[in-house]
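First the structure, in the form of structure tokens, and then the observations on it.
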Amino acid sequence: MTTVQWILLDHAVALLSVAFWFATGVTAALRRHRLAFGLLIGAVLVTLTRPATVVTLAGRGWWFAQEKVLLGLPLLGAAALAAVVVAGPRLFAARRTPGAGLPVGGVVALFTAAYAALVGLVVTFLAGYPLTWSTALIAVSLVCAGALLTAQVLGRQAGEHTDAESPVSLRTTAPRDSSALSRRGFIGLTAGAVAAGAGITGVGLLFRGPEAVVTGGGPRRASGSRPPVSVADLRGPSAPAPGGTSHRHTLTARTATVRLASGGDVDAWTYDGQLPGPAIIATQGDLIEVTLRNSDVEDGVTLHWHGYDVPCGEDGAPGATQDAVAPGGEFVYRFRADQVGTYWYHTHQASHPAVRRGLYGTLVVKPRAGGQAEELDLTLPVHTFDDTVVIGNREGRTEHAVRPGAPVRLRLVNTDSEPHWFALAGTPFRVVAVDGRDLHQPGEVREAGLRLPAGGRYDVVLAMPGTPVALVLDHDHGSGVLLRPTGHTGNDPALPDTSGWPELDLLHYGEPATVPFDADDADRHFTIVLDRALAMVDGRPAYAQTVDGRGHPSIPDQLVAEGDLVRYTVVNRSLETHPWHLHGHPVLILSRDGTRSSGSPLWVDTFDVRPGEVWEVAFRATNPGIWMNHCHNLRHQDQGMMLQLVYDGVSTPYEDASHGHS
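Take a look at the structure:
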């Protein structure tokens, strides 16, 4: 079983435990002792099953089981043991005695076990990892408070109902002398005070501020060894490389109603009134200069060059590398096109609604010399507008005529927040680049699907056969690209069902090659655990998408120094996929779920961390700045799943470096 299947099984067992304990308590209170005794046996058996699932999860990684091992299981185990000892023998005896009542303490013990089971499950869903003293104290106080409240309610009912036929009547086992009542009252007050104190302490601890930075095992900030560098000074060069030329563009962000090539209208936010924005194409070594102007996008706009390792001052992260461009304003971006490959650009201001509504475009940098140029080179950004998927600016299927034998390159760009599935039917192909970086000796592939993460890019090449070729998008034969041989007049062959094709695993594709570092010698090692939990997001409480139990901007910065070798462990405890994206640096994939990458070195800027997965990646910190590090499901980013990678000695003059997504 996969880790996520064990997570789901553990959730199911925990929920079943809650149901059994509550059912036992209710039936015991109603004096249905035979049924209650049977339910008690069921509750005990389910409770005894729980350690097996938890131990298995702990074997997959401490992150998946910490709060269960340290809090949930001990709390439930103690309460369940008390319930069995206090209520078990009496239920066993009472099931043979019609009309017999169960002491209040026995019913309270059963309900306390139910509360412990419920609180353990709630902690997993609302607090998760890491377990804190605050969470533990609040959890224990809630169980105690529930037990005390139940004792009070049932004790009052026992005193009020003297009719043995009343279904809620409960019997005590001792005379009600004043000293006994006094002792019970004292014990109740003491227990209540302890529960209240624990709860208040736990709530108070919630307001402790987080650490400002984490160091990943490396040194903390240097103390004044050199003056700080501002990101405002980390700008691109003003001239191209020798032999290169300058490309100057002006992009104006404005709202517009755009008619797609297929005829549909989209109420959009645009660059230059078109969807996608103007394609930027350059040759290696050229200078790219883009003046961004904002006509009427009220939230403001920026340009972030996704996957392109520009100097930090050109990165387009509002509040960290620049102020957002307000209506009537402008900002000039300038960088040298040193990286060959397929990239894209989008706003990083209010990016969840803004990118979805159209503020994106493509960036392609081609080599200056060498290699065979493709006869057909298509850049295919995929985007969803109001549940309509378009490729470029057309929904449905586009068609192209291609000379048989001609080399073809398809540049697949996923500009959505969810993954897309591609299948190429009718020809073998090779995936030659991922996220703009070439793969080493990629092999020929046939009848295998490509799962493209949000924000990711694949470059696929093929030699055009004498029969039609179809690029199928998301298993929909009516959506994608059809390549027809020039002069082809016959009927198109029926497309195969691609839903059963295996996914091409890029961690084992291509041939190994030397990499520039040994990740075992990392200077810093950060672990980030992705989940959902109650947290503060931009100053408001929310059921957030969290990193290590916190939401943006309360997640500590990750501190590195220039030249550091940095290693990341990225863990997904949640039931959603998180396409993880670090600005300014490609990362080398080391392993997934403990299985090391064995194919071509895989350098990416976005990688899909699916539910229950654990990824290991590494990079060299060679691009000083303050960099966003976030989930590229932009809805998740907006809900708190973003933090910053900060270089030692780099500062920002912008008002709030924590609001790079707002």
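In terms of our numbering, the sequence shown is residues 23 to 684.
No residue lacks a Cβ here, since even glycine has one placed at the ideal position from N, Cα and C.
Would you call T75 buried or exposed, if buried means 16 or more other Cβ atoms sit within 10 Å of its Cβ? Counting the other Cβ atoms within 10 Å of the Cβ of T75 gives 16 or more, which makes it buried.
Where does the unbroken beta strand (DSSP E) through W637 begin, and where does it stop? In the DSSP annotation of this structure, the continuous segment of the beta strand (DSSP E) that includes W637 starts and ends at V636 to R642.
Buried or exposed: where does S268 fall if 16 or more other Cβ atoms within 10 Å of its Cβ makes it buried? Under this definition S268 is an exposed residue.
Hey, quick one: how far does the beta strand (DSSP E) through Y151 stretch, first residue to last? Taken as a continuous stretch (DSSP letters only), Y151 belongs to no beta strand (DSSP E), as it is neither H nor E.
Cα separation between A196 and R632? Low confidence applies to A196: its pLDDT is 44, below 50, so where it sits in the model is not reliable, and the reading given next is rough at best. Those two C-alpha atoms are separated by around 58 Å.
Whose C-alpha, out of E396, P515 and T324, is nearest the C-alpha of H499? The shortest C-alpha separation from H499 is found at P515.
Supposed contact pair I303 and G383 - C-beta distance, whole angstroms, cut 8 Å: Not quite, the Cβ-Cβ distance comes to about 11 Å (not below 8 Å), so this is no contact.
Suppose contacts are defined by Cβ-Cβ distances below 9 Å. Is T447 in contact with R506 by that definition? A small correction: the amino acid at residue 447 is Ala; Thr does not occupy that position in the sequence shown. Contact annotation: A447 and R506 have beta-carbon atoms that are not nearer than 9 Å.
Hey, could you find the ends of the alpha helix (DSSP H) T46 is sitting in? Start and end: T25 to A51.
If you scan the region 328–397 from start to end, which runs of the beta strand (DSSP E) of 3 or more residues do you find wholly inside it? Counting only runs of 3 or more, we get 352–358, 363–368 and 382–388.
Span of the alpha helix (DSSP H) around A100: For A100, the enclosing alpha helix (DSSP H) starts and ends at L95 to A116.
L474 to L624 span [Cα, whole Å]: If you draw a straight line from the Cα of L474 to the Cα of L624, it comes to about 14 Å.
Whose C-beta lies closer than 8 Å to the C-beta of L38 among residues of the same chain, with five residues either side of it excluded? Closer than 8 Å at Cβ, skipping near neighbours: V68.
I648: first and last residue of the uninterrupted alpha helix (DSSP H) it sits in: I648: not part of any alpha helix (DSSP H); member of the beta strand (DSSP E) spanning I648 to C653, first to last residue.
Helix, strand or coil: which one does DSSP assign to F59? DSSP places F59 in helix when its eight states are reduced to three.
Taking DSSP as the reference, what is the three-state secondary structure of Y565? It is a strand residue.
One question on the structure: do V404 and V435 come within less than 9 Å of each other, judged by their Cβ atoms? Contact flag set, yes.
For D514, report the span of its alpha helix (DSSP H) as first-last. If you look at D514, you'll find it isn't in any alpha helix (DSSP H); DSSP assigns it neither H nor E.
Please report how far the alpha carbon of D570 lies from the alpha carbon of R117, in whole angstroms. Between the C-alpha atoms of D570 and R117 there is a straight-line separation of about 49 Å.
Please state if the CB of F641 and the CB of L587 are separated by a distance shorter than 9 Å. Between L587 and F641, the CB-CB gap stays under 9 Å.
Less than 8 Å between the CB atoms is what I'm expecting for V106 and A138, so what's the real figure, rounded? The beta carbons of V106 and A138 sit about 13 Å from each other, so the pair does not count as a contact at 8 Å.
Mark E417 as exposed unless 16 or more other C-beta atoms lie within 10 angstroms of its C-beta, in which case mark it buried. Burial call: buried.
Just how far apart, CA to CA, sit T410 and E598? Looking at the two C-alpha atoms, the distance is approximately 22 Å.
Quick one: is L92 buried, meaning 16 or more other Cβ sit within 10 Å of its Cβ, or exposed? The residue is exposed, with fewer than 16 neighbouring Cβ atoms inside 10 Å.
Please list the terminal residues of the continuous alpha helix (DSSP H) segment that includes D660. Looking at the DSSP string, the run of the alpha helix (DSSP H) that includes D660 is L656 to D660.
Does the Cβ of T563 have 16 or more other Cβ atoms within 10 Å, making it buried, or fewer, making it exposed? Looking at the sequence shown, residue 563 is not Thr but Pro. Its Cβ having fewer than 16 others within 10 Å, P563 is exposed.
Under a three-way DSSP split, which group does D408 fall into? If DSSP states are grouped into helix, strand and coil, D408 belongs with coil.
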